[in-house]
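Novice: Per our numbering, the sequence shown starts with residue 1, numbered consecutively.
Yeah, the Cβ is synthetic: ideal placement off N, Cα and C, and Gly gets one too.
As the structure is a prediction and not an experimental result, all values here were calculated from the model.
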Amino acid sequence: MTTPAASATALPARTGSPCWTTELRREDDALDTLAEEWDGLVTRCRTATFFQTAAWQRSWWRQYGRPGELLVLLVRRDGRLVGAGAFQRRGGPFGGLTGLGDGLIDFTDVLLDDSCADRAAAEFAAALPLTRPWHSLELREVHPEAAVQRVFERWPGRRIRLADSLCQYLPGVPMDELLKRLKGKTAQRNRVKLRKIAESGIEVCSTPPEEVPEALAGLLRLHFLQWRERGVTPEHRTERFARHLADSTTALVATGRAAVHQFRLDGELVAVNLMLLCPSFSGLYLYGAHPDLRERLDIAGLLFGAALDETVAAGIPVIGLLRGQEPYKQRWRPDRLTNQRLLFGPRGPAPAAAARAGTVRARRAAVRVLDTRAPGLKRALGARRRG
Numbered sequence: 001m002t003t004p005a006a007s008a009t010a011l012p013a014r015t016g017s018p019c020w021t022t023e024l025r026r027e028d029d030a031l032d033t034l035a036e037e038w039d040g041l042v043t044r045c046r047t048a049t050f051f052q053t054a055a056w057q058r059s060w061w062r063q064y065g066r067p068g069e070l071l072v073l074l075v076r077r078d079g080r081l082v083g084a085g086a087f088q089r090r091g092g093p094f095g096g097l098t099g100l101g102d103g104l105i106d107f108t109d110v111l112l113d114d115s116c117a118d119r120a121a122a123e124f125a126a127a128l129p130l131t132r133p134w135h136s137l138e139l140r141e142v143h144p145e146a147a148v149q150r151v152f153e154r155w156p157g158r159r160i161r162l163a164d165s166l167c168q169y170l171p172g173v174p175m176d177e178l179l180k181r182l183k184g185k186t187a188q189r190n191r192v193k194l195r196k197i198a199e200s201g202i203e204v205c206s207t208p209p210e211e212v213p214e215a216l217a218g219l220l221r222l223h224f225l226q227w228r229e230r231g232v233t234p235e236h237r238t239e240r241f242a243r244h245l246a247d248s249t250t251a252l253v254a255t256g257r258a259a260v261h262q263f264r265l266d267g268e269l270v271a272v273n274l275m276l277l278c279p280s281f282s283g284l285y286l287y288g289a290h291p292d293l294r295e296r297l298d299i300a301g302l303l304f305g306a307a308l309d310e311t312v313a314a315g316i317p318v319i320g321l322l323r324g325q326e327p328y329k330q331r332w333r334p335d336r337l338t339n340q341r342l343l344f345g346p347r348g349p350a351p352a353a354a355a356r357a358g359t360v361r362a363r364r365a366a367v368r369v370l371d372t373r374a375p376g377l378k379r380a381l382g383a384r385r386r387g
């Protein structure tokens with residue numbers, strides 16, 4: 001519900017029954033005030049991932065958002081929230097909108113209630129505030145089956161779809177069944193590695209919510225240590241990333257949407273793995289492991305085995321390896337699916353597009369003139385180009 005202090009813009013309700021309304025929220029705490037409704041919609045949107053939960057979006061905005069530039073679009077059916085998306089206004093002379101998350105998320109999306117997704121998508125598209133000829137919305141890392149694809153198809157302006165990052169997936173089945181995907185010798189080598197892990201005495205435990213911040217501090221410490229010779233992602237070294245990771249993950253673990261596994265050998269913490277959970281798939285997000293452990297055990301097999309067990313126990317059908325083509329992922333022969341980059345352009349042809357179209361038309365006209373009135377000149381120009 002919009003508070004009196006909120007800078008919301010209520011758009012006119014559409015006619016007919018049931019009653020549909022759309023609303024734009026621009027206050028910086030909009031995601032906080034909407035959290036309960038937002039997560040209720042997450043449970044009714046089959047394509048929603050952990051990155052669309054209120055915990056993740058609120059935490060990201062607190063650490064990375066620019067004050068005064070949040071825009072939340074809401075769609076309601078008879079007062080019930082059935083569509084929602086959070087965006088950040090883009091700076092620069094051309095303005096426009098982008099999704100939240102930057103390079104920290106693997107899937108960008110909006111939320112649409114499964115019971116009325118098509119109509120909610122149409123209402124959402126009609127309410128997108130891209131009112132200027134130069135305004136646009138750019139969304140990176142969109143899954144081909146994401147809810148926002150419905151909005152994209154209903155957008156009346158220019159639409160551009162491009163390829164984005166490659167993501168990889170495996171079926172959420174017990175390890176013995178997964179090994180059947182591998183060739184004979186490869187499968188046998190992996191069985192030997194897994195047997196060595198089972199005999200190592202490594203203890204694995206899931207972390208309760210109250211211990212998550214301490215466990216994630218250990219994850220980042222081990223993460224920096226393991227990559228010290230090859231370089232670590234700069235953003236992972238920042239205080240704001242550490243705060244975002246602890247804040248969002250603690251809330252996700254408390255609601256069963258994430259799990260943090262700690263691995264101890266002889267009482268010492270040697271690895272920590274963060275995996276994210278949603279009904280349709282799980283995801284291996286970030287891990288840290290002591291470099292000395294590599295000399296003793298197959299770290300990829302250790303972490304992946306625990307994540308696979310969690311996935312199977314939760315009844316999740318797919319385990320996602322998320323973005324990236326690291327060699328340790330390829331050993332399992334994962335299925336591949338490329339994310340998309342969606343560009344919602346202005347309604348009507350943009351000046352640049354019109355100029356390009358005019359150039360094409362001018363070239364075609366010139367060719368026709370050469371064909372009909374100066375064929376000799378055309379042959380001479382062609383010979384010069386080839387020379």
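(1) Taking the alpha carbon of E211 as the reference point, which residue from P174, L265 and V272 has its own alpha carbon closest?
(2) Under 8 Å, Cβ to Cβ, is there at least one residue of chain D near T21?
(3) Which one of A120, F51 and E123 has the shortest CA to CA distance from G99?
(4) Exposed or buried, what is I197 when buried is set at 16 or more other beta-carbons lying within 10 Å of its beta-carbon?
(5) From I319, A117, R80 and L302, pick the residue whose C-alpha is nearest to that of V192; which is it?
(6) For the segment 84-142, which segments carrying the beta strand (DSSP E) assignment without a break, of at least 3 residues, lie completely within its bounds, in sequence order?
(7) From G218, E27, R89 and W20, pick the residue whose C-alpha is nearest to that of F124; which is it?
(8) Just reading off the alpha helix (DSSP H) that V232 is part of, what are its end residues?
(9) Starting from the C-beta of L222, find all residues in its chain whose C-beta is less than 7 Å away, skip the five residues before and the five after it, and write them out in chain order.
(10) Please classify F107 as buried or exposed, where buried requires at least 16 neighbouring CB atoms within 10 angstroms.
(11) Any idea if Y285 is buried or exposed, counting beta-carbon neighbours within 10 angstroms, 16 or more meaning buried?
(12) Per DSSP, what kind of secondary structure is I299 in: helix, strand or coil?
(13) Can you tell me whether DSSP reads A35 as helix, strand or coil?
(14) In this structure, how does DSSP classify T359 when only helix, strand and coil are distinguished?
(15) Pair every Cβ in the segment 64-76 with every Cβ in the segment 20-31, then say whether three or more of these pairs are closer than 8 Å.
(16) Report the start-end ranges of each beta strand (DSSP E) in the segment 198-276 that is 3 residues or longer and not cut off at the edges.
(17) Taking all protein chains shown into account, decide if T338 is buried (16 or more other Cβ within 10 angstroms of its Cβ) or exposed.
(18) Going by the DSSP bridge assignment, what does A163 pair with across the sheet?
(19) What three-state label does DSSP hand S282 in the structure shown?
(20) Under 8 Å between the Cβ atoms of S136 and L128?
(21) If I319 sits next to S280, beta carbons under 8 Å apart, how far is it from one beta carbon to the other, in whole angstroms?
(22) Please return the same chain residues whose Cβ sits closer than 7 Å to the Cβ of K329, not counting the five positions on each side in sequence.
(23) Excluding five sequence neighbours on each side, which residues of the same chain lie with their C-beta closer than 6 Å to the C-beta of A146?
(24) Within 10 angstroms of the Cβ of S17, are there 16 or more other Cβ atoms? Answer buried if so, exposed if not.
(25) Could you tell me which of L342, P346, A126 and F304 sits nearest to L170, measuring between CA atoms?
(26) Helix, strand or coil for Q325? Go by DSSP, reduced to three states.
(27) Are Y86 and L31 closer than 8 Å when you measure CB to CB?
(28) With a CB to CB cut of under 7 Å and the five nearest residues on each side skipped, what residues in its chain are close to Q325?
(29) Between the Cα of E153 and those of T33, L179, T255 and A120, spot the shortest distance and give me the residue it belongs to.
(30) Are the segment 201-216 and the segment 257-270 in contact at 8 Å, needing three or more beta carbon pairs?
(31) If A55 and S248 are in contact, beta carbons under 8 Å, what's the gap, nearest whole angstrom?
(32) Let me confirm a value: L245 is counted as buried when at least 16 other C-beta atoms fall within 10 Å, else exposed. Which label applies?
(33) Applying the 10 Å Cβ sphere with the 16-neighbour rule, what's the burial state of P208?
(34) So W56 is in the alpha helix (DSSP H); what residue range does that whole segment cover?
(35) Whole angstroms are fine: how far does the CA of D29 sit from the CA of D298?
(36) Using a Cβ-Cβ cut-off of 8 Å (strictly less than) and excluding sequence neighbours within five positions of D164, which residues of its own chain qualify?
Specialist: Result, derived from the coordinates:
(1) The shortest Cα separation from E211 among P174, L265 and V272 belongs to V272.
(2) In summary, chain D is missing from the structure at hand, where a single protein chain is found.
(3) Comparing Cα-Cα distances from G99 to each of A120, F51 and E123, the minimum goes to F51.
(4) Counting the other Cβ atoms within 10 Å of the Cβ of I197 gives 16 or more, which makes it buried.
(5) Checking every option, the nearest Cα to that of V192 belongs to L302.
(6) List check, beta strand (DSSP E) in window: 97-99 and 137-142.
(7) The residue from G218, E27, R89 and W20 with its alpha-carbon nearest to that of F124 is W20.
(8) Careful: V232 lies outside any alpha helix (DSSP H) and carries neither H nor E.
(9) Residues of the same chain with a CB within less than 7 Å of the CB of L222, apart from the 5 flanking positions on each side, are A271, V272, G288, A289 and H290 in chain order.
(10) Answer is buried; the Cβ neighbour count reaches 16.
(11) That one is buried.
(12) In the structure shown, I299 falls within a helical segment according to DSSP collapsed to helix, strand and coil.
(13) In the three-state DSSP reduction, A35 falls in the helix class (H, G or I).
(14) Per-residue confidence for T359 stands at a pLDDT of 39, beneath the threshold of 50, marking its modelled position as unreliable; the derived number appears in the next sentence. DSSP, reduced to helix, strand and coil, places T359 within a helical segment of the structure shown.
(15) At 8 Å Cβ cutoff, the stretches touch.
(16) Counting only runs of 3 or more, we get 203-206 and 258-265.
(17) T338 comes out exposed.
(18) Paired residue(s): Q340.
(19) Note: S282 maps to strand in three-state DSSP.
(20) Not closer than 8 Å, so no.
(21) With 8 Å as the limit, I319 and S280 do not qualify as a contact, their Cβ atoms being about 11 Å apart.
(22) The answer, listed in chain order, is Q168 and L321.
(23) Within the same chain, A146 has close Cβ partners T47 and D109.
(24) Counting C-beta atoms within 10 angstroms of its own C-beta, S17 has fewer than 16 neighbours from the protein chains shown and is therefore classed as exposed.
(25) The shortest C-alpha separation from L170 is found at F304.
(26) Three-state result, Q325: coil.
(27) Looking at the sequence provided, one finds Ala at residue 86 rather than Tyr. Yes, the pair counts as a contact, with Cβ atoms nearer than the cut-off.
(28) Correct list, in chain order: L166.
(29) Checking every option, the nearest Cα to that of E153 belongs to A120.
(30) Judged by Cβ distances under 8 Å, the segment 201-216 makes contact with the segment 257-270, as three or more pairs qualify.
(31) The pair is a contact, with the Cβ atoms about 5 Å apart (cut-off 8 Å).
(32) Under this definition L245 is a buried residue.
(33) Exposed is the call here.
(34) Note, W56: alpha helix (DSSP H), A54 to Y64.
(35) The straight-line gap from Cα to Cα measures roughly 45 Å.
(36) Excluding positions up to five away in sequence, the list reads R140, E141, V142, T338, N339, Q340 and R341.
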